[in-house]
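Student: Using the numbering used here, you'd call the opening residue of the sequence shown number 3 and step up by one each time.
Glycine included, each C-beta is placed from N, C-alpha and C at the ideal position.
Just passing along the structure, written as structure tokens.
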Amino acid sequence: MLLAMAGFALEDVFIKSLAQDLPTSEILIGLGLGGTVIFGVLARRRGDPLFSRALFSPPMILRNLGEMLGTLCFISALTLIPLSTATAIIQAMPLVVVAGAALFLGERVGWRRWSAIVIGFCGVLLIIRPGMADFDWAALWAVGATIFLAIRDLATRVTPKEITPSQMGCWGFFMAMIAGVFLLPFGPAPILPAPVHGFYFLGGLAVGMAGYSALTLAMRSGAVAVVTPFRYSRLLFSIILGAVIFAERPDGITLAGAALILSSGLYTLARGNQRKAQS
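Below you can see the structure in the form of structure tokens.
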């Protein structure tokens, strides 16, 4: 799980490096195309069809929309705000998933977990600071990514069981590519990538796929209650990489907000595991 989170943090570094020169639409198209090809090949090697009735079921359509909009928002956030800030905000996604599961999927959530969710959301408010002089509207892209990616995860829970992770990955990246195509008329014109941009694209895809593989291995081989908390190590990796590569220095309020999000997320996870053990 630690290797997976390090891989995803490195992937964010490559994307942010691309965003310094290329428009968001071009990044979405490039990464979407690469991921579609990779997951498509993996799915076909397993004998999984890329088109079936289940892949067009309402939960799968909702999942793909969440993936498309979430990826668009997160890449926009990486373009406009510090890497550590974007990563800190998106760490609230598990809290949004728990709240959504309670509201829409009938999952029982007690007052303790609801309190932790509220505290986590307060952490998000500390980071984005609405109404204050240093409030940056661009931080709302990360908030949007958190919401849409939580919708993706909630929809994943009710997708048909016969759909494999490779099929989901292929369609998720395909939708990111479609988002880039739709964005073309509304942003800067695409430019011809330089060789260094090709390296960033390939590097992002490589570490992203490595992270996905490590995540799958961790969830299959380890106890979920033990390995899941290590997802939050992504924030630590992002803070270190942001400081070393982009000279980012998160202030005390941002770090305090991140601490609230992480502590409430870990408590919510521990409380959920405790309830499962008791039932």
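If you draw a straight line from the C-alpha of G42 to the C-alpha of R114, how long is it?
Tutor: Taking the sequence shown and counting its residues from 1, one reaches residue 42 at position 40. Taking the sequence shown and counting its residues from 1, one reaches residue 114 at position 112. If you take the alpha carbons of G42 and R114, they lie about 42 Å apart.
Student: Taking F203 and G72 to be in contact with their CB atoms under 8 Å, please state how far apart those CB atoms are, rounded to whole angstroms.
Tutor: By one-based count along the sequence shown, residue 203 stands at place 201. By one-based count along the sequence shown, residue 72 stands at place 70. That belief does not hold up - the Cβ atoms of F203 and G72 are roughly 20 Å apart, past 8 Å.
Student: Looking only at C-alpha atoms, which of T256, G206 and F137 sits nearest to A11?
Tutor: Within the sequence shown, the letter at position 9 stands for residue 11. It is G206.
Student: Can you give me the Cβ contacts of P84 inside the same chain, cut-off strictly under 8 Å, excluding the 5 residues immediately before and after it?
Tutor: As a first step, residue 84 must be located in the sequence shown, where it is residue number 82. Same-chain partners within the cutoff: G244, F248, E250 and P252.
Student: Report the CB separation of L33 from A178 in whole angstroms; it is logged as a contact under 8 Å.
Tutor: In the sequence shown, the residue the question calls residue 33 occupies position 31. In the sequence shown, the residue the question calls residue 178 occupies position 176. Correct: roughly 7 Å between the Cβ atoms.
Student: Taking 8 Å as the threshold, find out whether the stretch 156-169 comes into contact with the stretch 59-71 through three or more Cβ pairs.
Tutor: The stretch 156-169, when compared against the stretch 59-71, does touch it at the 8 Å Cβ threshold.
Student: Could you work out which residue in I149, L217, I77 and V198 is closest to G68 when comparing CA atoms only?
Tutor: Translated into the one-based positions of the sequence shown, residue 68 becomes position 66. The option with the nearest alpha carbon to G68 is I149.
Student: Counting only runs of 3+ residues fully inside the stretch 116-178, write out the beta strand (DSSP E) ranges in chain order.
Tutor: DSSP runs (the beta strand (DSSP E)) wholly in the stretch 116-178: none.
Student: Are there three or more Cβ pairs, one per stretch, closer than 8 Å when the stretch 169-189 is compared with the stretch 128-144?
Tutor: Cβ pair count under 8 Å is below three, so no.
Student: What do you get for E13, buried or exposed, if any count of 16 or more other CB atoms within 10 angstroms of its CB means buried?
Tutor: The residue labelled residue 13 in the question sits at position 11 within the sequence shown. The residue is buried, with at least 16 neighbouring Cβ atoms inside 10 Å.
Student: Check I83 in the structure and name its three-state DSSP category.
Tutor: Position 81 of the sequence shown holds residue 83. It is coil, neither helix nor strand.
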